[in-house]
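When we follow this note's numbering, the leftmost residue of the sequence shown carries the number 6, and every step to the right adds one.
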Amino acid sequence: MKSFICKALALTVLGLLVGMPAAAELTPEEQFGKELYFDSSLSSPNNQSCAFCHEERSGFSGHIPGINKQGAVYPGAERQRFGNRRPPTASYAGDSPVFDYVYDMDEDEWLFAGGMFWDGRATGWVTGDPLADQAMGPYLNPVEQNLPSEEAACMIVEQSKYAYLYEVVYGEPLDCSAYDADGHLRAYKNFALAVAAFERSVEVSPFNSKFDYVMAGEAEFTEQEAWGLQLFNGKGRCSACHPAPLFTDFTYDNLGVPKNPENPFYRMDTVYVDGMPINPEGAAWVDPGLAGFLETLPQSVFDEWGLDKETAVAESFGKHKVPTLRNADKRPGPGFAKSYMHNGSLKSLEEVVSFYNSRDAMIAAGMIVPEVWENMNEDELGDLGLTADEEAAIVAFMQTLSDGYAVKGKGKGKGKSK
Numbered sequence: 006m007k008s009f010i011c012k013a014l015a016l017t018v019l020g021l022l023v024g025m026p027a028a029a030e031l032t033p034e035e036q037f038g039k040e041l042y043f044d045s046s047l048s049s050p051n052n053q054s055c056a057f058c059h060e061e062r063s064g065f066s067g068h069i070p071g072i073n074k075q076g077a078v079y080p081g082a083e084r085q086r087f088g089n090r091r092p093p094t095a096s097y098a099g100d101s102p103v104f105d106y107v108y109d110m111d112e113d114e115w116l117f118a119g120g121m122f123w124d125g126r127a128t129g130w131v132t133g134d135p136l137a138d139q140a141m142g143p144y145l146n147p148v149e150q151n152l153p154s155e156e157a158a159c160m161i162v163e164q165s166k167y168a169y170l171y172e173v174v175y176g177e178p179l180d181c182s183a184y185d186a187d188g189h190l191r192a193y194k195n196f197a198l199a200v201a202a203f204e205r206s207v208e209v210s211p212f213n214s215k216f217d218y219v220m221a222g223e224a225e226f227t228e229q230e231a232w233g234l235q236l237f238n239g240k241g242r243c244s245a246c247h248p249a250p251l252f253t254d255f256t257y258d259n260l261g262v263p264k265n266p267e268n269p270f271y272r273m274d275t276v277y278v279d280g281m282p283i284n285p286e287g288a289a290w291v292d293p294g295l296a297g298f299l300e301t302l303p304q305s306v307f308d309e310w311g312l313d314k315e316t317a318v319a320e321s322f323g324k325h326k327v328p329t330l331r332n333a334d335k336r337p338g339p340g341f342a343k344s345y346m347h348n349g350s351l352k353s354l355e356e357v358v359s360f361y362n363s364r365d366a367m368i369a370a371g372m373i374v375p376e377v378w379e380n381m382n383e384d385e386l387g388d389l390g391l392t393a394d395e396e397a398a399i400v401a402f403m404q405t406l407s408d409g410y411a412v413k414g415k416g417k418g419k420g421k422s423k
């Protein structure tokens, strides 16, 4: 477990041990954030809300099986426009620290951690909260909700039926002309903070999976699930980057994931925004991950970290944020297709675990080609020596991380406790 997040994780563990969270009404701020989250009028054209890419039944991630089976990247409000990566889950993201260069005592190394988005660009430097910084992005992104400005978003909210909640929450009328010193509309930053509050709420991050009930002493793992947990923490080395209870360490890694050839972003050299192609490189584009964000920062920022920019960018090429494994298998039904990795190239937990276990042999046999060879993690995956039964046990354990587990006498309906 990474030392720089031990305190935050310990507090979360304590919350789990004292009992499962009871059903609760949303606070006014959370309710305001929920209204914003589900408001499809906050897009141009008005056909896309946050929930379009982050839907509850699929673990607050992509909810369209046909897309998940193929390119895994979701279209924007202008349906011919696509971004470059699949939507990660919106749940359990609220504990991600502000993006920084930090020292990991356990591994005796310095590394980048925190922030939001696959590449960390929602740092938390704007609002003080990476989750809120992330919420500021999609509304104005031309390949997502495509609003022209913060003022346009504010004016839409101003005309909504829920606008009254703004004054309830912030104690002042909604003002679409008041700017902070950083150049952002104050109301727009508050919208983002409210969305983040909703994403932290019990509706989005309820901690009510089977794993949570087991940790609270109110359910038991099957033998296979218990074995899977043992392997997850041991031979499988999964917990090195996905420690409980949040199942992420908020760092960045290059796993040697292959390209997803059906990623629609490769075709965005023929789709234009403001006279420029969305992806000028077309099929030749290589996802730089964290390095792409770091490249946008001035050397002065790296000076504060005691780093050379060119070196830091090169060492971050191809790295993406370690996602939480919570809700990784949550789906509305057993036949529902999901996708995994930053580009959706893998299509099941079974594929993911097999990749972690046998990546190096797959590469040697020509079965896969990593998109980025540089900085590839060769210490914690690639040749784990897991048997087929051990792989299956790890999958079984990860399936206990899906929210909505029902225990006899608790939750909705009837369920088995073992």
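For every residue, glycine included, the Cβ atom is placed at its ideal position computed from N, Cα and C.
Quick caveat, the model's predicted, so the values are computed rather than measured.
Note on Glu396: 16 or more other CB atoms within 10 angstroms of its CB, so buried under the neighbour-count rule.
In the three-state DSSP reduction, Lys74 falls in the helix class (H, G or I).
For Phe360, the uninterrupted alpha helix (DSSP H) segment begins and ends at Leu354 to Ala369. C-alpha of Trp290 to C-alpha of Asn265: approximately 12 Å in a straight line.
In this structure, the straight-line span from the alpha carbon of Val318 to that of Ala245 is close to 24 Å. By the neighbour-count definition (other C-beta atoms within 10 Å, threshold 16), Met110 is an exposed residue. Classified as buried, Gly67 has 16 or more neighbouring CB atoms from the shown chains inside 10 Å of its CB. Here the C-alpha atom of Val357 lies approximately 45 Å from the C-alpha atom of Glu163. Counting C-beta atoms within 10 angstroms of its own C-beta, Ser154 has fewer than 16 neighbours from the protein chains shown and is therefore classed as exposed. By the criterion of at least three beta-carbon pairs nearer than 8 Å, the segment 44-56 is in contact with the segment 136-152. For Asp308, the uninterrupted alpha helix (DSSP H) run begins and ends at Gln304 to Trp310, by DSSP.
Contact annotation, Ala288 with Tyr277: C-beta distance approximately 17 Å; criterion of less than 8 Å not satisfied.
With contacts defined as CB atoms closer than 8 Å, Leu198 and Thr132 qualify as a contacting pair. Fully contained in the segment 161-216 are the following alpha helix (DSSP H) runs of length 4 or more, in chain order: 169-175 and 191-205. Nearest C-alpha to Ala333 among Val103, Thr94 and Tyr79: Thr94. Glu300 and Pro263 have their C-alpha atoms some 23 Å from each other. Judged by DSSP in its simplified three-state form, Trp130 adopts coil rather than helix or strand. If you draw a 10 Å sphere on the C-beta of Pro337, you find fewer than 16 other C-beta atoms in it, and that means exposed. Taking a 10 Å sphere around the C-beta of Thr256, we find 16 or more other C-beta atoms and assign the residue as buried.
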